[in-house]
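Residue numbers (the working numbering): 856 to 1353. Contents: one structure, followed by commentary.
Structural data, given as structure tokens:
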């Protein structure tokens, strides 16, 4: 619920009849049956919403909701109103048109208030956020993640084996989804778990909590971690905030934001993460993407010459990120690792992340791009548990990510490939742009940089505003390089290349 304004209006009370109540919750989650007699309506207007409660003569709540600018409701006749919610709808009839007008005016004032932007809404495009939460509101997507054995079993082991960190503790589960991590926390002995979920999956999480008789242990809070309030600080924060290449989806920032509720000596699961990158050589992958543009090489397509667009088509196809797995033998150098400590890092630290790299080439050949993956560590009092998405480990739904160069670079064994990867948060796409704003240079040692570099061996990165769903951009040769992971790729289970 939004914070109340210090100038909130006084409580409005009147008598109503509840003529219609329709339940659309899954079987097993029951609401109080409405009474056909006279009921008491209470409306508490706030800065952004109105708290509407209907009780019977015994004071039992038969209907309750928040009405704000997003709530669907309409007038029926002269003195009734139909309030339509996702899981419940109600038709309220007032005793007089005057009482209806009083109710309507109070609600209209709340709905007309401009909502103060939270940290989340300031950094996120509204339409993109809506699609994001719609995606994670699907049971099929939750199933996809829960059936990732490496992911789920590792989280279970990290929490249960560190039971001393959870026994009789208060836990916050950020972006709980189905609530599976909250259940793990209770299994480890947690006294209370606050499970926060912004998508419509919150109602399913609540159903699981009730059907497993854990309502006294787990409290599901529907909303964004940046906007909800907790009644107390917590001992442990748990979450699964990782996206493709770790940073995709920008949920890591929400995870770090949750530390405002963490006690000074509190713990975070996961605790820190390593992102790995390495150059790779894969002629087949490169040619597969390059040849897709051959359609635009036609000079007589129903009498139209398409060849002028072939160059642009090549650029576009090579801009696609490759989300799949690969044989580690295609890697041409030892990986470079960049560590983020979630206990120490701030949200602002993730708005711009620079990763300098120096690769000592272990073999000669063409460099077709850079490969990325990540590991996360759960540092508990008893054991430290690792979750890895490396190509040498069992496959997860995160796979690995590869980004192609438009023009491959040739390197000899013993030469050094140096440069920098710059990751810049993108408001419109809820993703991260990778922007190596430095040239890639080849030299025979780390201290020696080749002079008079061929333009084809230089990589510059220029950040552009990319709308939701755009493919990653990776240009080369007097060329720009920009990787943008599309939201549509996030955590989708698809075998082979996406």
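Glycine is no exception: its CB is placed at the ideal position from the N, C-alpha and C atoms.
Measuring straight from C-alpha to C-alpha, what distance separates residue i and residue j?
i	j	result
residue 1094	residue 1003	16 Å
residue 911	residue 869	12 Å
residue 894	residue 932	19 Å
residue 1355	residue 914	This structure does not reach residue 1355, given that the chain is present from 856 up to 1353, and the question cannot be answered.
residue 1066	residue 1040	17 Å
residue 1119	residue 1228	31 Å
residue 1127	residue 1175	29 Å
residue 926	residue 1187	55 Å
residue 1013	residue 1121	16 Å
residue 1196	residue 1167	41 Å
residue 1138	residue 1250	23 Å
residue 1189	residue 928	60 Å
residue 1221	residue 1032	43 Å
residue 1044	residue 1037	11 Å
residue 1203	residue 1030	20 Å
residue 1262	residue 1077	48 Å
residue 1199	residue 1143	43 Å
residue 1124	residue 1079	19 Å
residue 938	residue 899	16 Å
residue 1000	residue 1252	7 Å
residue 1230	residue 1100	10 Å
residue 1133	residue 985	34 Å
residue 1015	residue 919	37 Å
residue 1008	residue 1042	14 Å
Within 10 angstroms of the Cβ of residue i, are there 16 or more other Cβ atoms? Answer buried if so, exposed if not.
i	result
residue 1312	With a pLDDT of only 31 at residue 1312, under 50, the local geometry of the prediction cannot be trusted, and the value read off the model is given with reservation. With 16 or more other Cβ atoms within 10 Å, it is buried.
residue 1020	buried
residue 873	buried
residue 1271	buried
residue 1211	exposed
residue 1006	buried
residue 945	buried
residue 871	buried
residue 1105	buried
residue 950	exposed
residue 1238	exposed
residue 1383	The structure shown has nothing for residue 1383, since the chain only spans 856 to 1353.
residue 1071	exposed
residue 1159	exposed
residue 1258	buried
residue 1281	buried
residue 996	buried
residue 1244	buried
residue 1023	exposed
residue 1201	exposed
residue 1194	exposed
residue 956	exposed
What is the C-beta distance between residue i and residue j, in whole angstroms, given that I count them as a contact (C-beta under 8 Å)?
i	j	result
residue 1129	residue 1192	5 Å
residue 1073	residue 1050	6 Å
residue 1226	residue 1255	6 Å
residue 1116	residue 1027	6 Å
residue 1107	residue 1205	6 Å
residue 1185	residue 1265	That belief does not hold up - the Cβ atoms of residue 1185 and residue 1265 are roughly 16 Å apart, past 8 Å.
residue 1236	residue 1088	Actually they are not in contact, since the Cβ atoms of residue 1236 and residue 1088 sit about 19 Å apart, beyond 8 Å.
residue 840	residue 962	Any property of residue 840 remains undetermined from this structure, which presents the chain solely from 856 to 1353.
residue 836	residue 1081	For the chain, the structure presents residues 856 to 1353; residue 836 sits outside this window and is missing.
residue 1096	residue 1181	Contact doesn't hold; Cβ gap of about 25 Å is too wide.
residue 1075	residue 1060	5 Å
residue 988	residue 1054	4 Å
residue 1273	residue 1213	5 Å
Secondary structure at residue i, three-state DSSP: helix, strand or coil?
i	result
residue 1257	strand
residue 872	strand
residue 1207	strand
residue 1247	coil
residue 1115	helix
residue 1267	coil
residue 1238	coil
residue 1142	helix
residue 1120	strand
residue 1094	strand
residue 1058	helix
residue 963	helix
residue 1200	coil
residue 897	strand
residue 1356	It is not possible to answer for residue 1356, since the shown part of the chain is limited to 856 through 1353.
residue 1281	strand
residue 1227	strand
residue 1273	strand
Check whether the Cβ of residue i lies closer than 7 Å to any heavy atom of the ligand ZN, and answer yes or no.
i	result
residue 959	The ligand ZN is not among the ligands present in this structure, which contains no ligands whatsoever.
For the region 899 to 949, which segments carrying the beta strand (DSSP E) assignment without a break, of at least 3 residues, lie completely within its bounds, in sequence order? Listed in chain order, they are 904 to 910, 916 to 923, 927 to 931, 935 to 939, 943 to 949.
Runs of beta strand (DSSP E) wholly within the region 1144 to 1188 (minimum 3 residues, chain order): 1177 to 1179
Run through the region 1001 to 1054 for me and flag every whole alpha helix (DSSP H) of 4 or more residues, listed as ranges in chain order. 1004 to 1015, 1035 to 1042
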